[in-house]
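K.L.:
My questions will all concern the structure given below.
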Amino acid sequence: MEFVQSNIWLIILAAFSGFMLMFPGLRGKLGGGQEVDATEAVRLINHENALILDVREANEFSSGHIANAKHIPGGQLANSLKTLEKHKDQTIVVNCRSGARSAMACGVLRKNGFTKVYNLKGGIVAWQNANLPTTVK
């Protein structure tokens, strides 16, 4: 017990480090499931007619988004599932700014019967860093 008391910060640091190493894998399992990078997302758009679902807020979406993306803010997704019903069997690539909100949105879609759902790894930031086009229209 004395060892624990005198080394509590070291133990906390070790536990935290272990959690951080496991977190990327946990996020995929608990939330979004499969992730795709920007190149793979382009392939899904071009060859599988994937729907792009942008779950960022309106001001983020209007500042630039992937062409033909459907916009439903993440906070409104659960109440907007009916509008996506016709896409239930279609490949859907979900994006946000960095990939965190879209991972949660992927989890919501999967729980509601959408089967081909992919999270855009790194979000719109990764898309833009890959020099892929965005639009404001």
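The numbering used here puts the first residue of the sequence shown at 141, with every later residue one more than the last. The beta carbon of each residue, even a glycine, is placed where N, CA and C say it ideally should be.
#1: Suppose contacts are defined by Cβ-Cβ distances below 9 Å. Is residue 219 in contact with residue 239 by that definition?
#2: Between residue 256 and residue 230, what straight-line distance do the alpha-carbon atoms span, to the nearest angstrom?
#3: Cutting at 7 Å between CB atoms, please list the residues of its own chain near residue 124, excluding the five before and the five after it.
#4: Do you know how far the Cα of residue 153 is from the Cα of residue 183?
#5: Relative to the C-alpha of residue 190, which residue among 250, 232, 244 is closest?
#6: Based on DSSP bridge pairs, tell me the residues matched to residue 287.
#7: Taking DSSP as the reference, what is the three-state secondary structure of residue 232?
#8: Using the beta-carbon count (16 or more within 10 Å), is residue 251 buried or exposed?
#9: For residue 253, count neighbouring Cβ atoms within 10 angstroms of its own Cβ and tell me buried if that reaches 16, exposed if not.
#10: Just to confirm the assignment, what range does the alpha helix (DSSP H) spanning residue 189 have?
#11: Could I get the ranges of all uninterrupted alpha helix (DSSP H) runs contained in the stretch 235–275, with 4 residues as the minimum, in chain order?
P.N.:
Looking at the coordinates:
#1: The sequence position of residue 219 within the sequence shown is 79, counting from 1. The sequence position of residue 239 within the sequence shown is 99, counting from 1. For residue 219 and residue 239, no; Cβs fall outside 9 Å.
#2: As a first step, residue 256 is located in the sequence shown; it is residue number 116 there, counting from the start. As a first step, residue 230 is located in the sequence shown; it is residue number 90 there, counting from the start. Roughly 6 Å between the two C-alpha positions.
#3: Here the chain has residues from 141 to 277 only, and residue 124 is not among them.
#4: Along the sequence shown, one-based indexing puts residue 183 at 43. Along the sequence shown, one-based indexing puts residue 153 at 13. Whole-angstrom Cα-Cα distance: 41 Å.
#5: Sequence index remark: in the sequence shown, residue 190 carries index 50 (1-based). The shortest Cα separation from residue 190 among 250, 232, 244 belongs to 232.
#6: The structure shown does not extend to residue 287, since the chain is modelled only from 141 to 277, so the question has no answer here.
#7: As a first step, residue 232 is located in the sequence shown; it is residue number 92 there, counting from the start. Strand at residue 232.
#8: Translated into the one-based positions of the sequence shown, residue 251 becomes position 111. The residue is exposed, with fewer than 16 neighbouring Cβ atoms inside 10 Å.
#9: The sequence position of residue 253 within the sequence shown is 113, counting from 1. Flag for residue 253 reads exposed.
#10: In the sequence shown, counting from the first residue as 1, residue 189 sits at position 49. Here residue 189 belongs to no alpha helix (DSSP H), and DSSP marks it neither H nor E.
#11: 240–251, 263–269
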